[in-house]
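Undergrad: First, the structure itself, so that you have it in front of you.
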Amino acid sequence: MRDFAIKILKSGALLPLFVLFFWWYGAAAGWWNTFLLPSPGAVWRAFVSSLADGTLQENTWASLSRIAVGFGLSALLALLLALLCSSFPPLLAQLDPTLEFLRHIPPMAVIPMLILWFGIGESPKIILIILATFFPVFLNALQGIRGCDAKLVEVARVFGYNRWERYRHVILPAALPSILTGLQLGLGYSWRSLVAAELVAASSGLGYMILDAEQLSRSDVVLMGIFVIGALGAALDWGFVLLSRALKGAG
1 MRDFAIKILK SGALLPLFVL FFWWYGAAAG WWNTFLLPSP GAVWRAFVSS LADGTLQENT
61 WASLSRIAVG FGLSALLALL LALLCSSFPP LLAQLDPTLE FLRHIPPMAV IPMLILWFGI
121 GESPKIILII LATFFPVFLN ALQGIRGCDA KLVEVARVFG YNRWERYRHV ILPAALPSIL
181 TGLQLGLGYS WRSLVAAELV AASSGLGYMI LDAEQLSRSD VVLMGIFVIG ALGAALDWGF
241 VLLSRALKGA G
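Pasting the structure below:
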């Protein structure tokens with residue numbers, strides 16, 4: 001029993017368990033209006049019901065599909081531009097003022113214009129993910145590439161490596177930790193921006209599911225959607241950490 005308690009303390013599960021108990025007890029004791037804050041049991045029943053009728057799977061798949069497309073395109077564009085800017089410093093000098101200006105515009109601020117231009121289809125959400133993801137990936141990749149030890153690059157040049165070989169065997173492996181950090185940050189930003197976009201302009205997705213439930217006064221479904229978003233975000237981040245460790249180990 002003592003060992004189990006120690007494991008609970010070390011795992012960080014004590015606070016969530018305490019909150020869950022307080023939530024359950026408070027709802028059962030009538031400390032608040034359960035229409036506004038339903039009990040854990042009601043939220044669980046909403047989760048099971050959404051699974052049974054396929055609503056949760058459908059909306060989750062819609063959100064994850066947008067993340068895959070938007071994050072993939074953004075990461076590709078950011079990495080390519082980082083490689084170009086590190087290879088041609090004059091290009092970075094020309095682009096830097098524009099990039100610095102764009103970097104300080106919150107992606108959410110452009111949602112009205114995206115809806116005006118593209119409607120509520122897939123394009124606004126994909127573009128928003130690209131905007132939210134691009135700069136964390138680009139800046140970290142650029143920092144990692146430019147931070148590569150110049151002596152290693154010079155040794156590779158002495159051994160006859162051409163530019164592509166220097167990037168492949170020296171620069172990119174050295175920059176990999178920074179690139180992975182940028183990708184991990186970008187993935188988190190893309191998830192948050194997508195859910196925000198779905199709350200405003202969507203006909204499917206987890207954000208849309210929450211908004212629809214709010215309009216129907218289904219607070220149990222709203223809370224269920226929030227928990228699903230948090231769990232999926234944590235799972236994506238955890239999966240990326242495992243992938244990063246595997247790539248670093250292989251490198």
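The numbers in UniProt numbering rise by one with no breaks, and the one at position 215 of the sequence shown is 215. From the three backbone atoms N, C-alpha and C, an ideal C-beta is built for every residue, glycine too. Because the structure is a prediction, the values reported are computed rather than measured.
1. Taking its Cβ as the centre, do 16 or more other Cβ atoms sit within 10 Å of A234, making it buried, or is it exposed?
2. If you follow the alpha helix (DSSP H) that W24 is part of, which residue opens it and which one closes it?
3. Inspect the beta-carbon positions of G205 and A62 and report whether they are closer than 9 angstroms.
4. Check for me: the alpha helix (DSSP H) holding Y208 runs from which residue to which?
5. Taking contact to mean at least 3 C-beta pairs separated by less than 8 angstroms, is the stretch 102-111 in contact with the stretch 125-142?
6. Distance check for L37 and W23, CA to CA, integer angstroms please.
7. If you reduce the DSSP assignment to three classes, tell me which class C148 lands in.
8. Using the Cβ count rule (16 or more neighbours within 10 Å means buried), how would you classify L243?
9. Check each candidate in L199, Y189, G147, A13 and name the one with the smallest Cα separation from P177.
10. Going by CA-CA distance only, name the one from S86, V43, G160 that's closest to I210.
11. How many angstroms separate the CA atom of L84 from the CA atom of G230?
12. For A174, I'd like the list of residues in its chain whose CB is within less than 6 angstroms of its CB, leaving aside the five on either flank, ordered along the chain.
13. Buried or exposed: which applies to S190, given that a residue is buried once 16 or more other Cβ atoms fall within 10 Å of its Cβ?
14. Please return the same chain residues whose Cβ sits closer than 6 angstroms to the Cβ of G144, not counting the five positions on each side in sequence.
15. If you draw a straight line from the C-alpha of V241 to the C-alpha of M113, how long is it?
16. DSSP on T34, reduced to helix/strand/coil?
17. What is the DSSP secondary structure of R66, reduced to helix, strand or coil?
18. Taking the C-alpha atoms as reference points, what is the distance between V155 and R163?
TA: According to the data block:
1. Counting the other Cβ atoms within 10 Å of the Cβ of A234 gives fewer than 16, which makes it exposed.
2. 14-29
3. Closer than 9 angstroms, so yes.
4. DSSP places Y208 in the uninterrupted alpha helix (DSSP H) bounded by 206-215.
5. yes
6. A straight-line Cα-Cα distance of about 9 angstroms links W23 and L37.
7. coil
8. exposed
9. G147
10. Ranking S86, V43, G160 by Cα distance to I210 puts V43 first.
11. 36 angstroms
12. Correct list, in chain order: C148.
13. Buried is the call here.
14. Here the set comprises A175, S178, I179.
15. 35 angstroms
16. coil
17. For R66, the three-state secondary structure derived from DSSP is helix.
18. 13 angstroms
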